[in-house]
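Chemist: Each residue of the sequence shown is one higher than the last, beginning at 520 in this note's numbering.
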Amino acid sequence: MPRAADFLNILRGLLMGAADIVPGVSGGTVALVLGIYQRLVTAISRFDREAVRLVLKGRLADAATHVDLRFLATLGAGIGIGVVGLARLMHYLLEHHHNATSAAFFGLILGSSLLVLAMVRPATHGGAAGAVVVGLAAAGFAYWLVGLERVEPAAGLPYTFFCGAIAICAMILPGISGAYILLLLGKYEQITGILKGLPHGEATTGDLATLAVFAAGCAIGLALFSRVIRWLLANCWSVTMAALCGFMVGSLRMVWPWQRDLTPAVEELKQKTFEPYWPTTLDGESLLYIALAAAGLLLVLGLQWLGAVGPAPAPHEGEPSA
Numbered sequence: 520m521p522r523a524a525d526f527l528n529i530l531r532g533l534l535m536g537a538a539d540i541v542p543g544v545s546g547g548t549v550a551l552v553l554g555i556y557q558r559l560v561t562a563i564s565r566f567d568r569e570a571v572r573l574v575l576k577g578r579l580a581d582a583a584t585h586v587d588l589r590f591l592a593t594l595g596a597g598i599g600i601g602v603v604g605l606a607r608l609m610h611y612l613l614e615h616h617h618n619a620t621s622a623a624f625f626g627l628i629l630g631s632s633l634l635v636l637a638m639v640r641p642a643t644h645g646g647a648a649g650a651v652v653v654g655l656a657a658a659g660f661a662y663w664l665v666g667l668e669r670v671e672p673a674a675g676l677p678y679t680f681f682c683g684a685i686a687i688c689a690m691i692l693p694g695i696s697g698a699y700i701l702l703l704l705g706k707y708e709q710i711t712g713i714l715k716g717l718p719h720g721e722a723t724t725g726d727l728a729t730l731a732v733f734a735a736g737c738a739i740g741l742a743l744f745s746r747v748i749r750w751l752l753a754n755c756w757s758v759t760m761a762a763l764c765g766f767m768v769g770s771l772r773m774v775w776p777w778q779r780d781l782t783p784a785v786e787e788l789k790q791k792t793f794e795p796y797w798p799t800t801l802d803g804e805s806l807l808y809i810a811l812a813a814a815g816l817l818l819v820l821g822l823q824w825l826g827a828v829g830p831a832p833a834p835h836e837g838e839p840s841a
């Protein structure tokens, strides 16, 4: 029987899926703000030898419990609904109201980063200094990353495997969009093109091979990187939170509301190029962007105040109590 928690996880997944549609916005950000990031990383990291052993012994229920399958399944269903159901709406908003939509997401991400910043609780002055340095470095890296030019993709399946591993790692990091990384690596159009052609039987044998290698890269990258994140959360809580906060702050460059469209003749959104600028006048358009950003920020902080966004998880080893 479905439980209330299942419907809540579907709703959480729907929000994550909606976020993943937006270039530069990560579903990991939503997971972190909703208080399920650590559980998600832990569940993914448990697809290990123990899970395989339980399956081979026919202990399927124990295997499902080991990997928190019910949580992953309901969350995954929500992500799928969010991506498919809201893709058209988000695409329309980004295409026809790009800056206004960016303003709303700017506020949402800024508010989210403030919540994550509150989770940084170093036990010593040295730990605080380390968290500041790591946070600034992460912010600088994310800011640099989202400003990169796209590269010409290399040929061959090894590069496809590499792209899958890197993109999926980025996807579970708050503040870094896996789809945007694929765009930078020059593989976004190819992979999404194959996926769009699958339901219509348009994929060739070569396309299927490419997709299989890409999926393998995603699976291996996710399995390995989730273990790293899980270890960091358990042993370096404050520094890890500072890094995640930095990633989110640095990624704000991607959703800066004031941007010029440098390619007005290009219709495909993912092929467009935008240039951020600083507004020189406080006109009606700028006031609208400020209002939307403020609304996004207040929405996140309001949800946290109402208890819809959970507090930071219980302290871990090396993490001070609140």
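Even glycine gets a Cβ: it sits at the ideal position worked out from N, Cα and C.
All values reported here derive from a predicted model rather than from experimental measurement.
(1) By Cβ distance, which residues of its chain are closer than 8 Å to V574, with the 5 residues on each side in sequence left out?
(2) To which residues of the same chain is A623 closer than 8 Å at the C-beta, ignoring the five residues directly before and after it?
(3) Grouping DSSP H, G and I as helix and E and B as strand, with all else coil, what is E614?
(4) Report buried or exposed for R572, applying the criterion of at least 16 other Cβ atoms within 10 angstroms of its Cβ.
(5) Secondary structure at R779, three-state DSSP: helix, strand or coil?
(6) Between the Cα of I540 and those of K576, L594, L605, spot the shortest distance and give me the residue it belongs to.
(7) Name the two residues that bound the continuous beta strand (DSSP E) containing P795.
(8) Rounded to whole angstroms, what is the Cα-Cα separation between F733 and M773?
(9) Which residue's Cα is closest to the Cα of A537: G595, V560, R565, Y662?
(10) Find the nearest neighbour of I713 within the set Y699, G546, A728, P693, judged by alpha-carbon distance.
(11) For L751, tell me which candidate among G546, R578, V549, A650 has the shortest Cα-Cα distance.
(12) Would you report the Cα separation of L703 and G666, rounded to the nearest angstrom?
(13) Alpha carbon to alpha carbon, how far is E836 from I600?
(14) Going by C-alpha distance, which of Y699, K715, S757 is nearest L664?
(15) Check C688 in the structure and name its three-state DSSP category.
(16) Of all the options Q557, Y707, K706, V602, which has the alpha carbon lying nearest to the alpha carbon of V747?
(17) State yes or no: is the C-beta of P693 within less than 7 Å of the C-beta of T548?
(18) So, helix, strand or coil for G645, using DSSP?
(19) Could you please give the first and the last residue of the uninterrupted alpha helix (DSSP H) stretch that includes Q709?
(20) With 16 as the cutoff for other CB atoms within 10 Å, does A550 come out buried or exposed?
(21) If distances are taken between C-alpha atoms only, which option among L530, V768, S621 comes closest to L591?
(22) Counting only the same chain and skipping the five closest in sequence on each side, list residues whose C-beta sits under 8 Å from that of V828.
(23) Helix, strand or coil for M638, going by three-state DSSP, please let me know.
(24) Quick check on the DSSP output: the alpha helix (DSSP H) that includes M773 runs from which residue to which?
(25) When burial is assigned at 16 or more other CB atoms within 10 Å of the CB, is Y611 buried or exposed?
(26) Do you know offhand how far L562's Cα is from A684's?
(27) Since I believe F744 is in contact with I695 (beta carbons under 8 Å), could you give me their beta-carbon distance rounded to a whole number of angstroms?
(28) D567 to L763, Cα distance in whole Å?
(29) Exposed or buried, K715, counting other C-beta atoms within 10 Å across all chains shown (16 or more means buried)?
(30) Going by C-alpha to C-alpha distance, which of P795, L629, T800 sits closest to R779?
(31) Where C682 and L801 are concerned, what is the direct C-alpha to C-alpha distance, given to the nearest angstrom?
Modeler: The relevant details are as follows:
(1) Taking the first residue of the sequence shown as position 1, residue 574 is located at position 55. The residues are A582.
(2) For the purposes of this step, residue 623 is taken as the residue at position 104 of the sequence shown. The beta carbon of A623 sits closer than 8 Å to the beta carbons of L811, A812, A814, G815 from its chain, once the five residues preceding and following it are set aside; these are given in chain order.
(3) Your numbering for residue 614 matches position 95 in the sequence shown. Three-state DSSP puts E614 in a helix.
(4) Residue mapping note: residue 572 aligns to position 53 of the sequence shown, counting from 1. Under this definition R572 is an exposed residue.
(5) Residue numbering aside, residue 779 sits at position 260 when the sequence shown is read from its first letter. Reduced to three states, the DSSP call for R779 is strand.
(6) As a position in the sequence shown, residue 540 is number 21, starting the count at 1. It is L605 whose Cα lies nearest to the Cα of I540.
(7) Translated into the one-based positions of the sequence shown, residue 795 becomes position 276. From DSSP, the beta strand (DSSP E) with P795 extends over 793-795.
(8) The count along the sequence shown starts at 1 and reaches residue 733 at position 214. The count along the sequence shown starts at 1 and reaches residue 773 at position 254. When rounded, the distance between both Cα atoms is 26 Å.
(9) What you label residue 537 is simply residue 18 of the sequence shown in a count that begins at 1. When each option's Cα is compared against that of A537, the closest is G595.
(10) The residue you call residue 713 lines up with position 194 of the sequence shown. I713 has its Cα closest to that of A728, out of Y699, G546, A728, P693.
(11) What you label residue 751 is simply residue 232 of the sequence shown in a count that begins at 1. For L751, the nearest C-alpha among the options comes from A650.
(12) The count along the sequence shown starts at 1 and reaches residue 703 at position 184. The count along the sequence shown starts at 1 and reaches residue 666 at position 147. Their backbone Cα atoms lie some 10 Å apart in a straight line.
(13) Looking up residue 836 in the sequence shown gives position 317. Looking up residue 600 in the sequence shown gives position 81. With a pLDDT of 39 at E836, under the threshold of 50, the predicted position of this residue should be treated as unreliable, and no value is reported.
(14) Indexing the sequence shown from 1 puts residue 664 at position 145. Nearest of Y699, K715, S757 to L664, Cα basis: Y699.
(15) Residue 688 sits at position 169 when you count from the first residue of the sequence shown. In the structure shown, C688 sits in a helix (DSSP, three-state: H, G or I).
(16) Residue 747 sits at position 228 when you count from the first residue of the sequence shown. It is Q557.
(17) The count along the sequence shown starts at 1 and reaches residue 693 at position 174. The count along the sequence shown starts at 1 and reaches residue 548 at position 29. Yes, they are a contact pair.
(18) Here residue 645 corresponds to residue number 126 of the sequence shown, with the count starting at 1. Assigned with DSSP and collapsed to three states, G645 falls in helix.
(19) As a working note, residue 709 is residue 190 in the sequence shown. Segment 707-716, the alpha helix (DSSP H) holding Q709.
(20) Position 31 of the sequence shown holds residue 550. Buried: at least 16 other Cβ atoms inside 10 Å.
(21) By 1-based counting over the sequence shown, the position of residue 591 is 72. Ranking L530, V768, S621 by Cα distance to L591 puts L530 first.
(22) Residue mapping note: residue 828 aligns to position 309 of the sequence shown, counting from 1. In this prediction, V828 has a pLDDT of 46, which is less than 50 and means its spatial position is unreliable; what the coordinates show is noted afterwards. Result list for V828: V552, L553, G554, L634, V819, L822, in chain order.
(23) Your numbering for residue 638 matches position 119 in the sequence shown. In the structure shown, M638 sits in coil (DSSP, three-state: anything other than H, G, I, E or B).
(24) To locate residue 773, count along the sequence shown from 1; it is residue 254. Careful: M773 lies outside any alpha helix (DSSP H) and carries neither H nor E.
(25) The sequence position of residue 611 within the sequence shown is 92, counting from 1. When all chains shown are included, Y611 counts as exposed.
(26) Counted from its first residue, the sequence shown places residue 562 at position 43. Counted from its first residue, the sequence shown places residue 684 at position 165. The question names Leu, but residue 562 is Ala in the sequence shown. If I take the Cα positions, the gap works out to 18 Å.
(27) On the sequence shown, residue 695 is found 176 positions in, with the first residue counted as 1. On the sequence shown, residue 744 is found 225 positions in, with the first residue counted as 1. Not quite, the Cβ-Cβ distance comes to about 12 Å (not below 8 Å), so this is no contact.
(28) Mapped onto the sequence shown, residue 567 falls at position 48. Mapped onto the sequence shown, residue 763 falls at position 244. One C-alpha to the other measures close to 25 Å.
(29) Locating residue 715 in the sequence shown gives position 196, where the first residue counts as 1. The residue in question, K715, is exposed, as its Cβ has fewer than 16 Cβ neighbours within 10 Å.
(30) The residue you call residue 779 lines up with position 260 of the sequence shown. The shortest C-alpha separation from R779 is found at P795.
(31) On the sequence shown, residue 682 is found 163 positions in, with the first residue counted as 1. On the sequence shown, residue 801 is found 282 positions in, with the first residue counted as 1. For C682 and L801, the distance between alpha carbons rounds to 42 Å.
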